[in-house]
Structure formats: C-alpha cells, structure tokens
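Below is one structure, written out as structure tokens, with a few remarks after it.
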Amino acid sequence: MQTPSKEYLDQLEQQLASLPVKEALALLAEQFPGQVTFSSSFSFEDQVISHDILSNALPVSVFTLDTGRLFSETYSVWSSTNQRYQTHIKAYYPDAGALEAFVLETGPNSFYESVENRKSCCGIRKVEPLKRALAGNAVWVTGLRAEHSPVRKDLQLLEWDEANRLLKFHPLLHWSTEAVRAYIDQHNIPYNPLHDRGFVSIGCAPCTRAIRPGEDFRAGRWWWEDSSRKECGLHEKQHSITNDQPVIR
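Here the working numbering is used: the sequence shown runs in plain steps of one and ends on residue 251.
Structure representation (structure tokens):
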C-alpha cells in the first residue's frame, strides 16, 4: 500500500472517532473492500470486536496466531467463538522449519534465559506468521487499548504501520476496562475464563501470569524482563508520514 499523507490520516481518523465501533469498521470495509482484517487473541477486547464483526456479518476477515504454546482456556474460547457465531476463525502457525531449528539450538524454554532468545521466539511464533496474515490487506484492526501500557497511551486511533505497509485501527483504544467488561456481559459474549483469575494480558502460557494487586496491565507478561517496554514485536511503532505525501482516496 502507498504511504498515505498525514492529511488523509487525520481526516479518516476524525471520521472513525465519531462513529460506534460497528459503523467505523463498516466504513473501513467500504473504503477498502476485501482488505480489512482483524487479529484476535481471544482477549476481552478482541471478543468485543469479533462480536461486532461476526454478529453483523461485516466484510472484515478475522484471524488468530496459534503459537503452539497457548493456554488450554484460549483454545476453548476459540472453539466457543466459532460455535457462537457459526464461523471458522483462520489460524496462522509458525514456520515449522524455523521453529524446529530454534528449539533444537536453544532449547524449549530458552526465552527465560535472555531477552534475545525471547524476542527470537516471539519472532518465529508470532511476528513472521503475522506478516503472512497481513499480506494483501490495507487495514489491520487490533484490540489495543491505552490502558494496557505506558507505550500504548501514545497511540493514535488510526496509524500508519510502516513495517507492514498498512493502516492500523484501534477501535477500543479509549475504552475503559469497565466498559469492555460491561459490553461482554451485555451481549453474553464468550470470553477467556483466565480473565476472572487475574490474567489481564493473555499470551503464551509460559510467558503469562496473573497480575498482583497494584501491578500494571503488562506486569503479567515476560515478568522477568525490564518492565519499561515489554512488547513481542507485533506492535513495534514505525512511522514514515510527511505532509507532502499524496492523499489516498
């Protein structure tokens, strides 16, 4: 996709900000037919977005990344979601050869030994499959929220993702945790029961724990690492926007 101008991004973001999630997704699907996709990890937030997409038959594809080390509860809510909405959410998996070579060289739990190993593991299990999932799309919808981490507080509702060459839309960016939970309850949406046990951000089982009282949202992910910037590489922020670039219509 051609890099959009800042003017275009600002205009489209203002449009999206004025609409409910369902209508905002419908607008993007209309402007980018067949090129809007949503990545779900079956978290609270992602289940809200999936509900709006699937219950309204919006032309937005939904996929997930199966790293091979997810919680059993995550697979259960995946199955429940398929059954509830009569769908088949597509999964993308790590490249078998790359994963086998990595585990052979470093061991099955090497991510505990160094940040380099952990990032390599995330790269194989998540980042590379994501690039395959996003290929051919113009808009990537995510469940990121500002409350998740200090880094995510600086996100815009609509962003240009330079690494993947597409737009990223975060429809629940300014939703509170209470609002997300209320929506789940109101619509009786299937959700991961780990959320009821203190798990906030749920990823791979070896790298996720419940948070303790007073800890921030990301404390339960890679807790043995520096807490300032704990990301897996899926949402590395890169921009290349200038005011003199053409507007895409």
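Ideal Cβ placement from N, Cα and C applies to all residues, glycine included.
Could you tell me which residues DSSP puts in a beta bridge with Phe171?
-> Here residue 171 refers to the residue found at position 169 when the sequence shown is read from its first residue. Val143, Leu160, per the DSSP bridge assignment.
Strand pairing of Lys92, partner residues [DSSP] | Taking the first residue of the sequence shown as 1, we reach residue 92 at position 90. When DSSP reads this structure, Lys92 sits in a beta bridge with Phe65.
Unbroken beta strand (DSSP E) run spanning Phe104, endpoints = Here residue 104 corresponds to residue number 102 of the sequence shown, with the count starting at 1. Premise fails: Phe104 lies in the alpha helix (DSSP H), 98–108, not in any beta strand (DSSP E).
Inter-residue spacing [alpha-carbon to alpha-carbon] between Ala137 and Lys8 = The count along the sequence shown starts at 1 and reaches residue 137 at position 135. The count along the sequence shown starts at 1 and reaches residue 8 at position 6. Rounded to the nearest angstrom, the gap between the Cα atoms of Ala137 and Lys8 is 23 Å.
Quick one: what's Ser41 bridged to in DSSP?
-> The residue you call residue 41 lines up with position 39 of the sequence shown. DSSP output for Ser41 lists Phe65 as bridge partner(s).
Nearest-angstrom Cα distance between Leu21 and Asn194?
-> Numbered from 1 along the sequence shown, position 19 holds the residue referred to as residue 21. Numbered from 1 along the sequence shown, position 192 holds the residue referred to as residue 194. Near 27 Å, if we compare the C-alpha coordinates of Asn194 and Leu21.
Pick from Ile191, Phe171, Ser116 that is closest to Glu227, judged by C-alpha positions = The sequence position of residue 227 within the sequence shown is 225, counting from 1. For the residues Ile191, Phe171, Ser116, the minimum Cα distance to Glu227 belongs to Ser116.
Less than 8 Å between the CB atoms is what I'm expecting for Tyr87 and Ser63, so what's the real figure, rounded?
-> Counting from one through the sequence shown, the residue named residue 87 turns up at place 85. Counting from one through the sequence shown, the residue named residue 63 turns up at place 61. The Cβ separation is near 13 Å, so there is no contact.
To the nearest angstrom, how far is it from the Cα of Ser82 to the Cα of Asp48?
-> Taking the sequence shown and counting its residues from 1, one reaches residue 82 at position 80. Taking the sequence shown and counting its residues from 1, one reaches residue 48 at position 46. Roughly 14 Å separates the two Cα atoms.
Are any of the Cβ atoms in chain D nearer than 8 Å to that of Glu9?
-> Absent here is chain D; the protein component of the structure consists of one chain.
Tell me whether Ala93 is buried or exposed, calling it buried when 16 or more other Cβ atoms sit within 10 Å of its Cβ.
-> As a first step, residue 93 must be located in the sequence shown, where it is residue number 91. Classification for Ala93: exposed.
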